[in-house]
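The numbering of the sequence shown is my numbering, which starts it at 173 and goes up by one.
Cβ atoms here follow ideal geometry from the backbone N, Cα and C, with glycine treated the same way.
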Amino acid sequence: MAQALGYLKETASQTAGPYVHIGCTPNFTGIHGVYDKDLGSGSLVNDQTRGERITIRGQVIDGAGTPLKDALVEIWQADADGLYNSPSETRGKADPNFFGWARCPGDMETGEFVFETIKPGRVPFRDGRLMAPHVTFWIVARGINLGLNTRMYFSDEEQANAEDPILARIEHRVRVPTLIGKREGNEVRFEIHLQGDKETIFFDI
């Protein structure tokens, strides 16, 4: 029998708090013996992975300009050929030596997160147009009720970025740079600003 819509009340949302680290990265918090290593920790690549090696570094920064020291960041991305390591990938076989997903808690002193990965290939949008190379980010921390989703594009892909169908939909063009990781050599710097003049664009997905 159907119940009235108001019969069951929605549970109030809570911020991630310190428990997200205990549950997702117990070794990082000093709780050993649950997993040999924290799920998603370490490099996304091995010696056989195809593609250009890069290191992504950054911080999650609050509205006062202070890096958060308790943020947890996850990334996922395509391999060098633009294929995802996923059962739903139907365009071809992704590189078996590329994991495609990783998780990193921010350093408790500096707030910095670090990912050892490769530069992703271009992936088609749903209408077939190619998107520029990008990495998808998910961020949680105290004070964030729901995980935040954003993307990092690459500063050395100006032409591809100009053609990207997602970037083209951003009405306020002055905010596009908040999605661009600044590349110097094999390192890419990506700062995620939660508030303020430099607030990063977040996606409702």
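Query raised in the report: Just to check, is the beta-carbon of residue 257 closer than 7 Å to a non-hydrogen atom of the ligand GTP?
Result: Among the ligands in the structure shown, none appear at all, so the ligand GTP cannot be discussed.
Query raised in the report: What separation, rounded to the nearest whole angstrom, lies between the Cα atoms of residue 311 and residue 296?
Result: Rounded to the nearest whole angstrom, the C-alpha separation of residue 311 and residue 296 is 25 Å.
Requested in this report: Check whether the Cβ atoms of residue 239 and residue 247 sit closer than 8 Å, and answer yes or no.
Outcome: Taking 8 Å as the Cβ cut-off, residue 239 and residue 247 do not qualify as a contacting pair.
Query raised in the report: To which residues does DSSP link residue 277 through a beta bridge?
Result: Looking at the DSSP assignment, residue 277 forms a beta bridge with 244.
Query raised in the report: Under the rule that 16 or more other beta-carbon atoms within 10 Å means buried, what is residue 209, buried or exposed?
Result: Residue 209 is exposed by the Cβ-count criterion.
Query raised in the report: Under 8 Å between C-beta atoms, does residue 281 make it to chain C?
Result: Any reference to chain C falls outside this structure, which holds one protein chain only.
Query raised in the report: At which residue ranges does the stretch 186-221 contain complete alpha helix (DSSP H) runs of 4 or more residues, listed in the order of the chain?
Result: The alpha helix (DSSP H) runs of length 4 or more contained entirely in the stretch 186-221 are, from start to end of the chain, 191-196.
**Report entry** CA nearest to the CA of residue 257, picked from 221, 183 and 279
**Finding:** Taking residue 257 as reference, the option from 221, 183 and 279 with the minimal CA-CA separation is 221.
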